[in-house]
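In our numbering, the protein residues as written are 7 to 163. Built from N, CA and C at the ideal position, the CB exists for glycine as well. Computed from a predicted structure; not experimentally measured. Below is one structure, written out as structure tokens; comments come after it.
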């Protein structure tokens with residue numbers, strides 16, 4: 007068992023079912039995603055089946071089951087964002103990043119995730135990159151954002 011996961015478990019000594027989501031958040035915050043090993047460890051710690059844990063974790067958009075890129079793009083595709091052009095932004099983003107929804111590029115630089123709602127409908131369409139929000143996004147704004155990230159990465163080499 008990883009010491010980081012054990013530290014998270016120690017924060018929940020009563021091992022209650024309602025501790026599941028905070029434990030999963032804690033693990034993902036440290037490791038970036040929920041691995042099969044972690045799901046199994048949580049199952050054993052809380053005495054909850056792995057099927058139930060996957061059921062809970064897949065219900066929420068926040069949980070991931072694989073590594074994400076250094077720059078993790080989350081494109082909102084809720085009603086307001088959809089009506090405001092999120093589909094067009096998604097197609098452009100897939101071309102720019104050369105990956106599809108749910109994928110991470112081979113260099114581990116970019117990953118893309120379409121989510122059902124980020125909860126900022128008045129600012130649609132919305133893209134989140136590493137917990138930073140880009141609102142009222144346009145195709146030109148999207149191209150500029152990706153270009154600036156690539157330039158930043160090139161300059162740091």
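Select from the options the residue whose C-alpha is nearest the C-alpha of residue i.
| i | options | result |
| --- | --- | --- |
| residue 46 | 110, 129, 29 | 29 |
| residue 21 | 84, 52, 145 | 52 |
| residue 153 | 110, 116, 142, 33 | 116 |
| residue 133 | 160, 90, 159, 161 | 90 |
| residue 120 | 108, 114, 162 | 108 |
| residue 151 | 42, 99, 65, 33 | 99 |
| residue 67 | 146, 42, 34 | 34 |
| residue 38 | 110, 157, 160 | 110 |
Cα separation between residue i and residue j?
| i | j | result |
| --- | --- | --- |
| residue 17 | residue 69 | 20 Å |
| residue 40 | residue 8 | 13 Å |
| residue 61 | residue 54 | 11 Å |
| residue 92 | residue 19 | 43 Å |
| residue 76 | residue 31 | 19 Å |
| residue 85 | residue 71 | 25 Å |
| residue 112 | residue 50 | 33 Å |
| residue 138 | residue 65 | 23 Å |
| residue 114 | residue 23 | 34 Å |
Since I believe residue j is in contact with residue i (beta carbons under 8 Å), could you give me their beta-carbon distance rounded to a whole number of angstroms?
| i | j | result |
| --- | --- | --- |
| residue 11 | residue 44 | 6 Å |
| residue 48 | residue 36 | No, residue 48 and residue 36 are not in contact; Cβ-Cβ is about 13 Å, not under 8 Å. |
| residue 118 | residue 136 | That pair is no contact at about 13 Å. |
| residue 129 | residue 144 | Actually they do not touch by this definition, with Cβ atoms about 13 Å apart. |
| residue 102 | residue 131 | Their Cβ separation, rounded to whole angstroms, is 15 Å, which puts residue 102 and residue 131 out of contact at 8 Å. |
Helix, strand or coil for residue i per DSSP?
| i | result |
| --- | --- |
| residue 117 | strand |
| residue 21 | coil |
| residue 74 | coil |
| residue 60 | helix |
| residue 109 | coil |
| residue 134 | strand |
| residue 102 | helix |
Does residue i get closer than 9 Å to chain B when you measure Cβ to Cβ?
| i | result |
| --- | --- |
| residue 124 | In the displayed structure, chain B is absent; only one protein chain is listed. |
- Query: Between the segment 124 to 142 and the segment 71 to 83, do three or more beta carbon pairs fall short of 8 Å?
  - Reply: yes
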